[in-house]
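*Asks:* Quick one: structure below, then a few questions.
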Amino acid sequence: MRATRRVIHRRERLSTGGVSGLGLGQGGRVDALDVVRRVAAVRDGIVTIGQARAAGLTTYEVQRLCRAGRWRVVARGSYLVDADLYDGVPRRARIRAAVASFGPAAAAVLATAAELHGLAGLRSTEVIELSVPGPVARRAHLAHPEVVVHQLVIPPEHLVRVDGIPATGPVRTLADLSLRVDRFSAVSVLDSALNRGLVTTDDLLSVPRLIRGRRGAVAARGYLGEADGRAQSPLETRARLRCVDGRVPPDALQLEIRDDDGFLLGIGDLGWRCSRIIAEADGRGPHAAPEAVFADRRRQNRLVNAGWAVLRFTWSDTLRPDYIPWTVRQAMAGARHR
């Protein structure tokens with residue numbers, strides 16, 4: 001379950017009465033807490049012990065805040081400020097704290113870096129993947145079981161900061177992932193990066209050089225050739241790959257269908273223009289809302305009346321290798337008789 005922050009009036013959160021029982025005194029200490037809160041506000045609620053000290057708090061005062069439940073230790077030397085206002089620890093806060101706890105040489109990599117960049121296509125996980133230098137990496141595995149530690153060789157130019165969190169840049173992240181995940185996941189992530197404008201097709205030309213000589217490089221180069229930024233979701237990517245594997249590849253993506261007057265009747269996620277067939281990827285998001293269901297039906301009626309066959313596929317359909325291509329072939333056969 002995603003952690004959420006409970007809504008509490010600002011005056012209650014910042015009142016001096018809230019700290020009077022913690023041995024923090026008044027005046028300067030309250031000012032120090034305000035400084036810490038401002039730091040935490042732009043860091044997913046997280047501050048380090050160094051930042052707390054720089055704001056004017058002592059280690060003892062930080063410990064008192066933790067014992068009182070006002071702060072929470074998230075990772076070594078990293079704290080969630082005003083933890084009593086949260087239901088659990090937000091995912092982004094845990095990632096930030098984990099990276100900070102292993103020092104300045106640590107960085108988010110692989111699936112965690114992809115998550116920070118907002119890339120879609122990988123399975124959701126609670127694991128946090130970091131790259132950490134040797135001696136620190138050995139200690140990290142024992143102290144933080146939810147953290148998977150890698151020792152990747154990462155030149156400085158391959159690193160970026162995502163809202164202040166060190167991570168591999170989009171191209172390096174895609175290169176590393178393409179060696180470690182299955183084809184459907186790899187192409188989905190590549191499509192997502194292209195669709196969101198995080199990389200360009202020219203950027204991807206550098207990936208073969210980054211993966212040269214590494215295990216899985218041959219397969220990964222093939223994934224690059226299948227990437228298409230017109231796909232707007234992993235479901236669309238998976239449906240397209242099933243069609244490719246079934247030898248009925250679509251000849252268009254995001255195909256606009258218009259009537260003789262140029263009025264837009266609809267847009268098909270996948271299209272076969274000669275057969276006048278489009279396919280829609282029906283996910284649990286926008287298409288599931290009641291108003292979207294009615295809009296989809298009206299759009300489908302317009303397309304059918306204009307002579308187009310409309311197919312609809314779900315995530316579970318992509319788990320069956322033959323179902324989607326078989327359905328497309330059946331529609332093609334029907335098109336010959338329309």
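Residue 1 is where the sequence shown starts when you use UniProt numbering, and the numbers rise one by one after that.
The beta-carbon is built from N, C-alpha and C at its ideal position, and this holds for glycine as well.
Predicted model only: the values in this text are computed from it and were never measured.
Assign Ala-52 to one of two classes, buried (16 or more other C-beta atoms within 10 Å of its C-beta) or exposed (fewer than that).
*Replies:* Mapped onto the sequence shown, residue 52 falls at position 52. Classification for Ala-52: buried.
*Asks:* Which runs of the alpha helix (DSSP H) at least 4 residues long sit entirely within the region 88–131? Give them in chain order.
*Replies:* Runs found: 91–101 and 110–117.
*Asks:* Per the contact definition of three or more C-beta pairs closer than 8 Å, is the region 106–117 in contact with the region 63–82?
*Replies:* Cβ pair count under 8 Å is below three, so no.
*Asks:* Please report the residue range of the beta strand (DSSP E) in which Arg-72 lies.
*Replies:* Translated into positions along the sequence shown, residue 72 becomes position 72. Taken as a continuous stretch (DSSP letters only), the beta strand (DSSP E) holding Arg-72 covers 72–75.
*Asks:* Going by DSSP, name the residue or residues bridged to Thr-168.
*Replies:* If you number the sequence shown from 1, residue 168 lands on position 168. Note: Thr-168 sits in a beta bridge opposite Leu-159.
*Asks:* Please say whether Tyr-79 and Ile-128 have beta carbons closer to each other than 9 Å?
*Replies:* On the sequence shown, position 128 is the one that residue 128 refers to. On the sequence shown, position 79 is the one that residue 79 refers to. Taking 9 Å as the Cβ cut-off, Ile-128 and Tyr-79 do not qualify as a contacting pair.
*Asks:* Where DSSP assigns a beta bridge to Ser-78, which residues make up the other side?
*Replies:* To locate residue 78, count along the sequence shown from 1; it is residue 78. Paired residues: Thr-48 and Ala-75.
*Asks:* Does the separation of the CB atoms of Ser-178 and Leu-122 fall below 9 Å?
*Replies:* Sequence index remark: in the sequence shown, residue 178 carries index 178 (1-based). Sequence index remark: in the sequence shown, residue 122 carries index 122 (1-based). Their beta carbons are not under 9 Å apart, which means Ser-178 does not touch Leu-122 by this criterion.
*Asks:* Using the beta-carbon count (16 or more within 10 Å), is Thr-173 buried or exposed?
*Replies:* Residue 173 sits at position 173 when you count from the first residue of the sequence shown. Buried is the call here.
*Asks:* Take Val-304 and list the residues in its own chain whose beta-carbon comes closer than 8 Å to its own, dropping the five residues that flank it on each side.
*Replies:* For this step, residue 304 is matched to residue 304 along the sequence shown. Same-chain partners within the cutoff: Val-310.
*Asks:* Is it buried or exposed, Leu-319, if we count other Cβ atoms within 10 angstroms and call 16 or more buried?
*Replies:* Taking the first residue of the sequence shown as 1, we reach residue 319 at position 319. Flag for Leu-319 reads exposed.
*Asks:* Ends of the alpha helix (DSSP H) at Glu-146?
*Replies:* Translated into positions along the sequence shown, residue 146 becomes position 146. Here Glu-146 belongs to no alpha helix (DSSP H), and DSSP marks it neither H nor E.
*Asks:* Please report how far the alpha carbon of Arg-183 lies from the alpha carbon of Pro-145, in whole angstroms.
*Replies:* Here residue 183 corresponds to residue number 183 of the sequence shown, with the count starting at 1. Here residue 145 corresponds to residue number 145 of the sequence shown, with the count starting at 1. Looking at the two C-alpha atoms, the distance is approximately 28 Å.
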